[in-house]
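Heads up: the sequence shown begins at 7 in this note's numbering, then just goes up one per residue.
Reading through the structure tokens given below for one structure.
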Amino acid sequence: MTATKHTASNSQIRSPSELIDKSSMSGQQILIIALCLLFNMLDGFDITAMAIVAKTVSQELALPPERLGWIFSFALAGMMAGAMFLAPISDLIGRRKMIIISLLLVGVSILFTAKANTLTEFIILRFISGLGAGSLLACQATLASEYSPERFRALAVGAVTAGYPMGAMMTSVVAGYVMPDYGWRGMFWFGGIATVLMAFLAIWLIPESLKYLVNRRPENALEKVNAQLQRIGKPSVNALPELAEQDTLNNQRGFLGNILLLLGPDYRRTTILLWLAFFFSFATLYVMLSWIPQMVEDSGYSFVVGREAFFLFNLGGVIGIFLMGLLATRFWLSNLLLAMLFGSAIGMVFFANATVEQTVMMAIIFMIGVLLQGGFTGLYAAASKAYATQIRATGLGWCLGLGRSGAVIGPTLAGYLISAQFSMSAIFYIFAAPMAIAGIIGFYLKLK
7 MTATKHTASN
17 SQIRSPSELI
27 DKSSMSGQQI
37 LIIALCLLFN
47 MLDGFDITAM
57 AIVAKTVSQE
67 LALPPERLGW
77 IFSFALAGMM
87 AGAMFLAPIS
97 DLIGRRKMII
107 ISLLLVGVSI
117 LFTAKANTLT
127 EFIILRFISG
137 LGAGSLLACQ
147 ATLASEYSPE
157 RFRALAVGAV
167 TAGYPMGAMM
177 TSVVAGYVMP
187 DYGWRGMFWF
197 GGIATVLMAF
207 LAIWLIPESL
217 KYLVNRRPEN
227 ALEKVNAQLQ
237 RIGKPSVNAL
247 PELAEQDTLN
257 NQRGFLGNIL
267 LLLGPDYRRT
277 TILLWLAFFF
287 SFATLYVMLS
297 WIPQMVEDSG
307 YSFVVGREAF
317 FLFNLGGVIG
327 IFLMGLLATR
337 FWLSNLLLAM
347 LFGSAIGMVF
357 FANATVEQTV
367 MMAIIFMIGV
377 LLQGGFTGLY
387 AAASKAYATQ
397 IRATGLGWCL
407 GLGRSGAVIG
417 PTLAGYLISA
427 QFSMSAIFYI
437 FAAPMAIAGI
447 IGFYLKLK
């Protein structure tokens, strides 16, 4: 073809993102989304592996439950810090570099965790792993969104988000093969090696963010944009577009200005409600992700049963994420948040009261996973809908960042409750309350 056929006129296409929106999905774009999904699966594996090996680690290192809670919470504190303070650096150096750095940070720290022998080593290394994981989740979801046509964007982001519970499911499966021969350290060797290998795969296959190239204008930005467009089978552009109004406003206000706007008169009520909903949901979700295997074992069931319960909770989560995406195209989002988040609280109460056979117990934990993780994903959509375009990234980032304080507090509190001999039923009762509150808050957001 001639150069003319490969080039899009600026009068026809205003930006590379519009060019992607107006075209079909190429194989290279599908590959980018699939890689982001794979990275998120490893993220889920690396962070939740501790839940599977917790009982064995506590016995080997003589750690009481409240100390185990510290290990869980420091990993989640790292994720909070990574999302709030490390991920934004990608706006300065590019998404691709930050994804590679984050993968290496997680992979190397997980490898060192396989050799950890003290509580202090565990806490430091899990915090570092969390830093990389929190940054990775934010960067890869953004990259998948940028390389997806508008009509497939929600599906692409949902698929990438589903990678985390899919990785947690993989933890249960891998443990059945690895732990009998290699123990708990083998789980971290597996996760660390796989994640470092993914960093090299990212160097080879992950492209730079088009939005970063357009907004930051590094040297030879136009040539780099066109190289990425041609790589995914799209025509080139003659010149970079003018910065969008939202980006100009962001540059004028700056990072701090956007944060202050979240608490201004136009958004204060919505922001506070969203922060509370994320906080309560994170607290309960990560209690489940951190403690389900050990709570089941402590209730008299075998290690295998605890692993199966963890698997089913996360399988339900994967289904719930896609179910929320499907239902959100037909029903008010606020009604769905009430139904799923409040419904998960009801499911937890049923579970706490269950004096039934193991099969029914497993069915209930599966349904809790569907409702809780599906509703939690709906909060992402709620934050995106609640804020204007020019502050949407800041709004969602701070919902996730501050909300993760609940993920830090929840597992620690559960550890102290377990140490104080609270039963699994009592803990389910206690943490059903935050989910009920989150559901009510979601309803009062009044979002379509």
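Note that CB positions come from ideal geometry on N, CA and C, so glycine has one too.
Distances from the alpha-carbon of F316 to those of D97, L98, S178, Y170 put S178 closest.
S425 is not bridged by DSSP to any residue. Counting along the chain, T54 sits inside the alpha helix (DSSP H) bounded by residues 33-67.
Taking C-beta separations shorter than 6 Å and ignoring five residues to either side along the sequence, the partners of L408 in its chain run W281, following chain order.
Sorting Q300, L142, I53, G380 by C-alpha distance to the C-alpha of L347 places G380 at the top. By the neighbour-count definition (other C-beta atoms within 10 Å, threshold 16), Y170 is a buried residue. Put simply, of V59, E24, A168 the residue whose alpha carbon is nearest the alpha carbon of Y386 is A168. A residue is called buried once 16 or more other Cβ atoms fall within 10 Å of its Cβ, and T119 is buried on that count.
Per DSSP, the continuous alpha helix (DSSP H) segment holding E303 begins and ends at 274-304. In the pairwise beta carbon analysis, the stretch 77-97 is classified as not touching the stretch 182-189: fewer than three pairs are separated by under 8 Å. Each residue's CA atom was taken as its position, placing F357 and F434 some 8 Å apart. Annotated three-state conformation of S308 is coil, per DSSP. The Cβ-Cβ distance between S79 and T418 falls below 8 Å. Only residues of its own chain outside the window of five on either side were considered, and among them I212, E214 have a CB closer than 6 Å to the CB of R102, listed in chain order. Taken through DSSP and simplified to helix, strand or coil, S242 comes out as strand. For L44, same chain residues with a beta-carbon under 8 Å away, outside a window of 5 residues either side, are G169, M204 in chain order. Approximately 5 Å separates the beta-carbon atoms of I371 and F319; this is inside 8 Å, confirming the contact.
Along the length of the stretch 317-359, whole alpha helix (DSSP H) runs at least 4 residues long occupy 339-343, 349-359, reported in chain order. For E66, the closest of G84, W190, E72, L137 by C-alpha to C-alpha distance is W190. Out of Y153, S429, Y188, A57, the CA that lies nearest to the CA of G306 is found in S429.
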